[in-house]
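Protein chains: 2
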Amino acid sequence: MENVLIAGQWREANASSSFQAANPATREVLAAEFPVSTWEDCNEALDAAAAAAVALRQVSGEQIATFLEAYAEQIEANADAIVDLAHAETAYPKETRLAGGELPRTTNQLRQAAAAARDGSWALPTIDTATGIRSVYGAIGPVCVFGPNNFPLAFGSASGGDFAAAIAAGNPVIAKANSSHPGTTKLFAECAQRAAEATGMPAGMVQLIYRTSHADGERLVSDIRVGATGYTGSRHAGLKLKQAADLAGKPIYLELSSVNPVAILPGALSERGEEIAEEFTGSCLMGTGQFCTNPGLVMLLAGESTETFIKAITDKFAAAPVGTLLSEGVEKSLATNLQVLVDAGAELLVGNTAADDGRFCYANTLLKVTAEQFLADPEVMQTEAFGNSSLLLVADTVDQLVQVVASLEGNLTGCIYSSSEGADDEAYDQIGGEMRVKVGRLLNDKMPTGVAVSAAMNHGGPFPATGHPAFTAVGIPGALLRFGMLQCYDNVRSHRLPGVLQDASPNGTVWRSVDGAWTQANIS
Amino acid sequence: MENVLIAGQWREANASSSFQAANPATREVLAAEFPVSTWEDCNEALDAAAAAAVALRQVSGEQIATFLEAYAEQIEANADAIVDLAHAETAYPKETRLAGGELPRTTNQLRQAAAAARDGSWALPTIDTATGIRSVYGAIGPVCVFGPNNFPLAFGSASGGDFAAAIAAGNPVIAKANSSHPGTTKLFAECAQRAAEATGMPAGMVQLIYRTSHADGERLVSDIRVGATGYTGSRHAGLKLKQAADLAGKPIYLELSSVNPVAILPGALSERGEEIAEEFTGSCLMGTGQFCTNPGLVMLLAGESTETFIKAITDKFAAAPVGTLLSEGVEKSLATNLQVLVDAGAELLVGNTAADDGRFCYANTLLKVTAEQFLADPEVMQTEAFGNSSLLLVADTVDQLVQVVASLEGNLTGCIYSSSEGADDEAYDQIGGEMRVKVGRLLNDKMPTGVAVSAAMNHGGPFPATGHPAFTAVGIPGALLRFGMLQCYDNVRSHRLPGVLQDASPNGTVWRSVDGAWTQANIS
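Sequences listed follow chains A and B, in order.
Under numbering that gives the first Met the number 0, think of the first position of the first sequence as 0, with each following residue one higher.
Under numbering that gives the first Met the number 0, think of the first position of the second sequence as 0, with each following residue one higher.
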């Protein structure tokens, strides 16, 4: 049985049972056994995290940056092992996805987080010289991170976006591995622990548990010792955790579900229908469609260019190789959710059938409904079929499209393709305003699957895409704010202020809002 | 029966019953009758607010600023009537409190909110020129405001901090009046409605309901048409609303309860004990102690200077005039909560008895416990006795004080008085770190009751002081962020971007983070 990492020690778990991951490409169970921890492990991890949070009060952003950079180097030094194991646990291709994509994204993200911790601008230091009041975001306390199945590296619970943001904001992390890639998560935690020891971080800075009971998970996120939780995963489990955390008044940031509506207007299709068909197919089938921002609902207006487009993507979906899915669970829920849509009246265009039975997979699938059908039961029609599938919606009028958008739940993204020469501008104006308030990121003429790690990114959106529409899970420094509490100092003696709020800038680079103006200068 | 304001019309309520406010100075019921609205009123207000939110997409920050400024002028033109009625409903003194204090604070706040709406910097516009991604906080949607009893003007539901912040962020407001001053709230809503009409705001920009059933209140804050809620009031009612809103994934910002710990160290007492006794008494009895930031827990170290201090404040509390409380409810809950503390073993120093029975009031009260007593049951010992009272805690050691602070729930404020010459510095270092993470605003050598409307203010703090430790209810522009959703634009065509995200600055004053640097310049 693999060890857990608690209070700086790799030790035997207090396990109630164990589990094993499977190789999605072969359906074979992998050898390593991982413990399901009891509350005893959680409790010890919480104590250690609380102690680490106290110790971190004396640790500077510069020191945290050093840790994050040392960790990125550790990952690079162990890249082959990480990529090999992640490939075995997820079946993602090594070269195009893991080694060439997620791994550099992960180390880049850690280094951006390091730069943010070193610089301090993320914390929005605000100084009012007239009143002697100064404020800044400070560490919120121990952060639990529940990572998703679909990004074993770049959103791994001990390596990814939530982890980097929580640490850079000055918090210890209790990582709960995703059950589909526990071995990969363990390799990351080993790298992190080595880096933490080498850079003098407190024991308990990074801890790892693989799995708990649902009840213990709920107890964990609502524990008094916790500052906040970051969760990416299934809607059902996420909402249970949210309810527990909310009752205890503990912030929990969730990324739950999203169908990512894409409206493709007739002018755009007339102009470059074949090009868009290619883009859509690539975006929807990439990674076997297992992206949070997968285009799961394509909204079209009835007409000839739309018919041609539907024919084109149906052919492409039929011809495209069927990718491997991450787990038996993903395979099953894809089939189940597609059936929900079919039962609700969706027409099958292609797929919706088992594929190769030697691995986890399901045929590339497109379904189609009319706007009337969708509007008759928008809740069911928004069932997310996570994987290599999409639902096409054909409306007769722009007004219907506006009604469809108005009926949508909150989504991470929404996109509108329109003619480059103005033919769709009137329709855009009607749809765009309603789409704007339903999604975190509005795109034009571009599929939503690329999520750049940009300061301006919003990987967030209204409920149930996330738990709070003011925060982003991707993008540095923005993502750090989720793990900060606003700390105001009123008449506090100068030498007792954190460095970033003292008159002299601690580093000359931090941006501070001084009497309403942003500046990098000292206060004179 | 007084009319409600729904969809721009003052009309008869759909009332299930009615209520009247009382004059706290005489215990007499006031003549005006106010309706308890049924869900029908709420439903119509929600429809109108949703329509207003759509209309507001076309309304600029400049136009909203014009409305807020017109509203401030309306308030000034009607100041006498507002002050007279607020005096009758709250018994707050006209000159020192209402006309001279809260009213100018209210209009000043509205004008600051106007400036923030006009300028746009509050929304943290962020531009990444390399990726073409741009983001900014935009309106979150209709905001319900539940105002508290203790600030009829400056935190009134149709006039105060939450109102100003929600409107400035571009949202319509549904105001739920506080039952202790419904008439005052109506006067404000009349001023707001006149200003809204004069400045071309959509109908439904400001709406007013006086009271609903608890069930309808919960339904209101969790309705799909709502963007967010601001609530200031009792912990019990607030937590019920929070639970309903959380389940629906609707942000709710709460200000619930706070004992506002003040540690007064021996060096400070030796140096200026009499001065601090005066400050404390003034702060604790001002407004009959009915401030969210009232110093309700005073932490002291056993010793001679502490004994002298306790004697001094006990004498002052005995000698000070007994102020009037806001309602019979406040009077009763003060007596009840003090009794909880006495039952838990607190020693009575002065007060804890009925006072003048011709008005709502209760004797100025001080209770005392040891640190051991407090630590034996910290939950009960943190019972908030809202009003003209405070609990003194005497510890034997600094370690005990640290334990007491560590046992505290989240608070709005925490304060430490220490010697100006370094005698208390070691104790400060021990207590300060723990206090920092328990409170939103940390003070030195200053009582917490003054809450400046400063950009650096945090009137917030960890649960249960508020519902989320990242947000402030006072301070502009910070308070506006509660009512914004993060809106990202990815590859969106330039002319479709909001003005504040286009290359040319819309006004030359808005601060934007462009490629990591804050600037007021155009993008070249």
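Idealized CB from N, CA, C, for every residue including glycine.
Predicted model, so just to flag it, every value in this text is computed and none were measured.
Out of B:G386, B:A362 and B:A394, which has the shortest C-alpha to C-alpha gap to Q372 (chain B)? Residue 372 (chain B) sits at position 373 when you count from the first residue of the second sequence. When each option's Cα is compared against that of Q372 (chain B), the closest is B:A394.
Nearest to A52 (chain A) (by Cα), restricted to the options A:D79, A:I139, A:S406 and A:S36: By one-based count along the first sequence, residue 52 (chain A) stands at place 53. Residue A:I139 is the option with its Cα nearest to A52 (chain A).
Say whether chain B places a C-beta atom closer than 8 angstroms to the C-beta of K445 (chain A). The residue given as residue 445 (chain A) occupies position 446 in the first sequence. So yes, K445 (chain A) belongs to the interface.
Distance between beta carbons of I173 (chain A) and P141 (chain A), contact taken as under 8 angstroms: Counting from one through the first sequence, the residue named residue 141 (chain A) turns up at place 142. Counting from one through the first sequence, the residue named residue 173 (chain A) turns up at place 174. Correct: roughly 6 angstroms between the Cβ atoms.
Do L255 (chain A) and A464 (chain A) have their C-beta atoms closer together than 8 angstroms? Numbered from its first residue, the first sequence carries residue 255 (chain A) at position 256. Numbered from its first residue, the first sequence carries residue 464 (chain A) at position 465. In contact: L255 (chain A) and A464 (chain A) (Cβ atoms closer than 8 angstroms).
Only counting the same chain, and skipping five residues up and downstream in sequence, which positions put a Cβ closer than 7 angstroms to that of L485 (chain A)? What you label residue 485 (chain A) is simply residue 486 of the first sequence in a count that begins at 1. Same-chain partners within the cutoff: S134 and Y136.
Give me whichever residues DSSP pairs with W517 (chain B) in a beta bridge. The count along the second sequence starts at 1 and reaches residue 517 (chain B) at position 518. DSSP lists B:S512 as partners of W517 (chain B).
Let's test the definition: count the other Cβ atoms within 10 Å of the Cβ of E420 (chain A) and tell me whether it reaches 16, buried, or not, exposed. Against the first sequence, residue 420 (chain A) aligns to sequence position 421. Answer is exposed; the Cβ neighbour count stays below 16.
Closer than 8 angstroms by beta-carbon distance: list the chain B residues that pair up with R435 (chain A), in chain order. The count along the first sequence starts at 1 and reaches residue 435 (chain A) at position 436. Going along chain B in sequence order, the residues near R435 (chain A) (Cβ under 8 angstroms) are R56, G137 and Q486.
Pairing CB atoms from the stretch 260 to 268 of chain B with CB atoms from the stretch 408 to 425 of chain B, are three or more of them under 8 angstroms? yes
Less than 8 angstroms between the C-beta atoms of A64 (chain B) and A31 (chain B), yes or no? Taking the second sequence and counting its residues from 1, the one referred to as residue 64 (chain B) is at position 65. Taking the second sequence and counting its residues from 1, the one referred to as residue 31 (chain B) is at position 32. Not in contact: A64 (chain B) and A31 (chain B) (Cβ atoms no closer than 8 angstroms).
Reduced DSSP secondary structure (H/G/I, E/B, other) of E27 (chain A): What you label residue 27 (chain A) is simply residue 28 of the first sequence in a count that begins at 1. Of the three classes helix, strand and coil, the one that applies to E27 (chain A) here is strand, per DSSP.
Based on Cα-Cα distance, which residue from A:R10, A:E68, A:N387 and A:N77 lies nearest to G281 (chain A)? Residue numbering aside, residue 281 (chain A) sits at position 282 when the first sequence is read from its first letter. It is A:N387 whose Cα lies nearest to the Cα of G281 (chain A).
Going along chain B, which residues have a C-beta under 8 angstroms from V491 (chain A)? Counted from its first residue, the first sequence places residue 491 (chain A) at position 492. Near V491 (chain A) (Cβ distances below 8 angstroms), the residues of chain B are L441, L442 and N443.
Counting only runs that start and end within the stretch 214 to 275 of chain B, where is the beta strand (DSSP E) found for 3 or more residues in a row? Entirely contained in the stretch 214 to 275 of chain B, the beta strand (DSSP E) runs reaching 3 residues are, in chain order, 227 to 231, 251 to 254 and 260 to 263.
Helix, strand or coil: which one does DSSP assign to G344 (chain B)? Position 345 of the second sequence, counted from the first residue, corresponds to residue 344 (chain B). Note: G344 (chain B) maps to coil in three-state DSSP.
Could you tell me whether the Cβ atoms of L390 (chain B) and L374 (chain B) are closer together than 8 angstroms? The sequence position of residue 390 (chain B) within the second sequence is 391, counting from 1. The sequence position of residue 374 (chain B) within the second sequence is 375, counting from 1. Result no, Cβ atoms of L390 (chain B) and L374 (chain B) do not sit closer than 8 angstroms.
Relative to the C-alpha of D215 (chain A), which residue among A:A197, A:A50, A:C190 and A:A244 is closest? The residue labelled residue 215 (chain A) in the question sits at position 216 within the first sequence. Among A:A197, A:A50, A:C190 and A:A244, the Cα nearest to that of D215 (chain A) belongs to A:A244.
Could you please give me the residues that DSSP links to N443 (chain B) through a beta bridge? Along the second sequence, one-based indexing puts residue 443 (chain B) at 444. Answer is B:I415.
Reference M204 (chain A), options A:C143, A:A112 and A:Y252, closest by Cα: Stepping through the first sequence from its first residue, residue 204 (chain A) is reached at position 205. For M204 (chain A), the closest C-alpha among the options A:C143, A:A112 and A:Y252 is that of A:C143.
Looking at the C-beta of I126 (chain A), does it have a partner C-beta in chain B at a distance below 8 angstroms? Locating residue 126 (chain A) in the first sequence gives position 127, where the first residue counts as 1. With 8 angstroms as the cut-off, I126 (chain A) counts as an interface residue toward chain B.
Whose Cβ in chain B lies nearer than 8 angstroms to the Cβ of D502 (chain A)? Residue numbering aside, residue 502 (chain A) sits at position 503 when the first sequence is read from its first letter. Within chain B, no residue comes near D502 (chain A); the closest Cβ sits about 14 angstroms away, beyond 8 angstroms.
Would you give the residue range spanned by the beta strand (DSSP E) that R10 (chain A) belongs to? Taking the first residue of the first sequence as position 1, residue 10 (chain A) is located at position 11. Here the beta strand (DSSP E) through R10 (chain A) covers Q8 to R10.
Return the chain-ordered list of same chain residues with a C-beta closer than 8 angstroms to the C-beta of Y252 (chain A), the five sequence neighbours on each side being excluded. The residue given as residue 252 (chain A) occupies position 253 in the first sequence. Here the set comprises D161, A227, T228, G229, Y230, T465, G466, H467, F470, A472 and R481.
Is F462 (chain B) close to chain A, meaning its C-beta is less than 8 angstroms from at least one C-beta of that chain? As a working note, residue 462 (chain B) is residue 463 in the second sequence. So, interface residue.
Alpha helix (DSSP H) runs wholly inside the stretch 302 to 380 of chain A, at least 4 long, in chain order: Taking only runs of at least 4 residues, the alpha helix (DSSP H) segments lying wholly in the stretch 302 to 380 of chain A are 303 to 318, 327 to 342, 370 to 375 and 377 to 380.
Using a Cβ cut-off of 7 angstroms, pull out every chain A residue sitting near L524 (chain B), in sequence order please. Within the shown structure, residues of chain B are numbered from 0 to 523, placing residue 524 (chain B) beyond reach of any answer.
DSSP-derived helix/strand/coil call for S493 (chain A): As a first step, residue 493 (chain A) is located in the first sequence; it is residue number 494 there, counting from the start. Reduced to three states, the DSSP call for S493 (chain A) is helix.
For A113 (chain B) versus E68 (chain B), is the C-beta spacing smaller than 8 angstroms? Along the second sequence, read from residue 1 onward, the residue named residue 113 (chain B) stands at position 114. Along the second sequence, read from residue 1 onward, the residue named residue 68 (chain B) stands at position 69. Cβ atoms of A113 (chain B) and E68 (chain B): closer than 8 angstroms.
Which residues DSSP lists as bridging R133 (chain B), in chain order: Looking up residue 133 (chain B) in the second sequence gives position 134. Its beta-bridge partners are B:I126 and B:Y488.
Please tell me whether A85 (chain A) and P151 (chain A) are closer than 8 angstroms, where the distance is taken between their beta carbons. As a first step, residue 85 (chain A) is located in the first sequence; it is residue number 86 there, counting from the start. As a first step, residue 151 (chain A) is located in the first sequence; it is residue number 152 there, counting from the start. With contacts defined by Cβ atoms closer than 8 angstroms, A85 (chain A) and P151 (chain A) form a contacting pair.
Assigned secondary structure, L392 (chain A) (DSSP; H/G/I helix, E/B strand, else coil): The residue labelled residue 392 (chain A) in the question sits at position 393 within the first sequence. In this structure, DSSP gives L392 (chain A) an extended state, which the three-state scheme calls strand.
Quick one: residues in its chain with C-beta nearer than 8 angstroms to the C-beta of S36 (chain A), no 5 flanking neighbours on either side, listed in chain order? Reading the first sequence from its first residue, position 37 is the one you call residue 36 (chain A). The answer, listed in chain order, is V3, A12, N13, A14, S15, I208, Y209, R210, T211 and D215.
Pick from B:S418, B:T352 and B:A345 that is closest to T382 (chain B), judged by C-alpha positions: One-based indexing of the second sequence puts residue 382 (chain B) at position 383. Each of B:S418, B:T352 and B:A345 was checked against the Cα of T382 (chain B), and the nearest Cα belongs to B:A345.
Give the C-beta separation of Y206 (chain A) and A426 (chain A) to the nearest angstrom, bearing in mind that I take them to be a contact with Cβ-Cβ under 8 angstroms. Taking the first sequence and counting its residues from 1, the one referred to as residue 206 (chain A) is at position 207. Taking the first sequence and counting its residues from 1, the one referred to as residue 426 (chain A) is at position 427. The amino acid at residue 206 (chain A) is misidentified as Tyr; the sequence shows Gln. Incorrect: roughly 52 angstroms between the Cβ atoms, too far for contact.
Report the three-state DSSP secondary structure of T106 (chain B) (helix, strand or coil). Along the second sequence, one-based indexing puts residue 106 (chain B) at 107. In the structure shown, T106 (chain B) sits in a helix (DSSP, three-state: H, G or I).
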